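Beneath this line is the structure, given in structure tokens, with notes to follow.
Listed below in structure tokens is the structure:
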């Protein structure tokens, strides 16, 4: 039985993304988690509906006090309590599913990125810089995933806006139309700011990517720089790049601050106008005190949908920019030329005529040369990561097979050691997966000798 909205993660197969356009890519991610989004949307609407009806309930209760009707007051107090409990429950369920949508989208994107990195292999650094890949995985993935976190609240905001608008117009056409027309008008005033904000965020993202790439390249070549000099030059380059990122972030923050300020000033002006007009109607005897308080509550509530709509515009702006970055990585194609044939299942040998290496089926081979670069070249050639016209599989050129079939039947691993903190069991303790045991992993890696050398402390 599922205990959380993301017990199924990571997914077995993240699927094939729709990269025809940014909109279709974002829709494809949402379609793969439509169930959790649908239930989250239901609770999001229910949660905001409970908030929306509360001003009317409180207004009725206050009017009961003004009319000195204690029985009516008790009824409305109980109704307010029941609606409050329902609101709390719906809010909890909505939040759980919103977070589940966010984590599900982020996990799927990270799985897609890892799969693409594996497919590209040695071509990845030649297509996209290391800093760009890091920025995409650490920054852009979260921005895209946050779009799905917002959907339940956005749906609730849209539904409750029309619901409250209907209540206001039916109760007092004058005040109702004032609020119903005023709130969309505020959105139109705020709208023109979104486009410049998107442009500034895109510029900031490009400068951040460049700075991350520069930092990664500098760290990778630090040993050489220490040997031949030039650290100060690279330090100045990074400092200049970092300052450009800071300046771009400040320009973006100014636009965001203007947007946040308008979200306070404009709704506040509308509420003051509603109170003034409502007070006039009360003085004329056309409106009761409880109804005026309800109108004030409704007017204040409508600021919540407005804020959610504005936040949605900001999220969509940054999420769209981030999605383009992710799509650029996912749409990258290998520089190597591959054929379309399938790798023969019953092959007997793989022969590299250039080096003379002959590998039998199911054979595990280690390549060692006086010059380690020669060994790397041979391994890349045998694995299909470099020009492989001299490699034959049962007298058929390796380059004639598709990339996926080559990767399925031939696994080449460079001699790159890695230091991992903790024990083997901690690194394979993936919650709720149970898809591979430690012994299976050790057998696949032929690493039992490593554990044997640790006198039983490796687990």
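Residue numbers (our numbering): 10 to 468.
All C-beta atoms, glycine included, are put in the ideal place defined by N, C-alpha and C.
Just so you know, these numbers come straight off a predicted model, no measurement behind them.
Pick helix, strand or coil for residue i, following the three-state DSSP scheme.
i: residue 350; result: strand
i: residue 376; result: coil
i: residue 405; result: strand
i: residue 410; result: strand
i: residue 77; result: coil
i: residue 202; result: helix
i: residue 383; result: helix
i: residue 356; result: coil
i: residue 449; result: helix
i: residue 313; result: helix
i: residue 28; result: coil
i: residue 147; result: helix
i: residue 10; result: Model confidence at residue 10 stands at a pLDDT of 47, short of 50, so the residue's coordinates are unreliable; what they give is reported in the following sentence. Coil at residue 10, not helix or strand.
i: residue 335; result: helix
i: residue 259; result: helix
i: residue 476; result: With the chain covering only 10 through 468, there is no way to say anything about residue 476.
i: residue 420; result: coil
i: residue 20; result: coil
i: residue 342; result: coil
i: residue 138; result: coil
i: residue 72; result: helix
i: residue 296; result: coil
i: residue 157; result: helix
i: residue 107; result: helix
i: residue 47; result: helix
Can you have a look at residue i and say buried or exposed, based on whether 16 or more other CB atoms are within 10 angstroms of its CB?
i: residue 213; result: buried
i: residue 204; result: exposed
i: residue 378; result: exposed
i: residue 71; result: buried
i: residue 420; result: exposed
i: residue 43; result: exposed
i: residue 197; result: exposed
i: residue 461; result: exposed
i: residue 221; result: buried
i: residue 318; result: buried
i: residue 392; result: buried
i: residue 77; result: exposed
i: residue 112; result: buried
i: residue 218; result: buried
i: residue 409; result: exposed
i: residue 455; result: exposed
i: residue 29; result: exposed
i: residue 129; result: buried
i: residue 62; result: buried
i: residue 257; result: buried
i: residue 372; result: exposed
Excluding the 5 residues flanking residue i on each side, which residues of the same chain have their C-beta closer than 6 Å to its C-beta?
i: residue 133; result: 126
i: residue 369; result: 358
i: residue 88; result: 66
i: residue 387; result: 364 and 376
i: residue 271; result: 199
i: residue 149; result: 331, 334 and 335
i: residue 162; result: 53 and 317
i: residue 114; result: 38, 154 and 157
i: residue 451; result: 457
i: residue 7; result: Residue numbering for the chain in the displayed model covers 10 to 468; residue 7 lies beyond these limits and cannot be assessed.
i: residue 138; result: 222
Could you please give me the residues that DSSP links to residue i through a beta bridge?
i: residue 361; result: 366 and 400
For the ligand COA, any of its heavy atoms closer than 6 Å to the Cβ of residue i?
i: residue 160; result: No copy of the ligand COA occurs in the structure displayed, which carries no ligand at all.
Within a Cβ cutoff of 7 Å, which residues of the same chain sit near residue i, ignoring the five residues on either side of it in sequence?
i: residue 311; result: 170, 173, 188 and 192
i: residue 100; result: 56
i: residue 384; result: 376, 377 and 378
i: residue 27; result: 33, 34 and 37
i: residue 121; result: 23, 26 and 339
i: residue 3; result: An answer regarding residue 3 cannot be provided, because it is not within the stretch 10 to 468 covered by the chain.
By Cβ distance, which residues of its chain are closer than 8 Å to residue i, with the 5 residues on each side in sequence left out?
i: residue 200; result: 322
i: residue 280; result: 305, 308, 309 and 312
i: residue 206; result: 261, 264, 265, 268, 323 and 326
i: residue 275; result: 195, 198 and 199
i: residue 374; result: 366 and 368
Original post:
Can we say the segment 138-156 touches the segment 79-87, given the rule of at least three CB pairs closer than 8 Å?
Top reply: no
Original post:
Counting pairs of Cβ atoms below 8 Å between the segment 288-298 and the segment 329-336, do you hit three or more?
Top reply: no
**OP:** Indicate whether the contact test is met: 3 or more Cβ pairs, each with one atom in the segment 51-61 and one in the segment 98-112, closer than 8 Å.
**Re:** Yes: at least three Cβ pairs fall under 8 Å.
Subject >> Inter-stretch contact at 8 Å, needing at least 3 Cβ pairs: the segment 362-380 / the segment 391-405 >> reply: Because the criterion of three Cβ pairs below 8 Å is met, the segment 362-380 and the segment 391-405 touch.
Original post:
Any contact of the segment 264-282 with the segment 31-38, i.e. 3+ C-beta pairs under 8 Å?
Top reply: no
Subject >> Contact between the segment 405-412 and the segment 351-360 (3+ Cβ pairs under 8 Å) >> reply: yes
Original post:
How do the segment 151-158 and the segment 55-69 stand: do at least 3 beta-carbon pairs fall below 8 Å, yes or no?
Top reply: no
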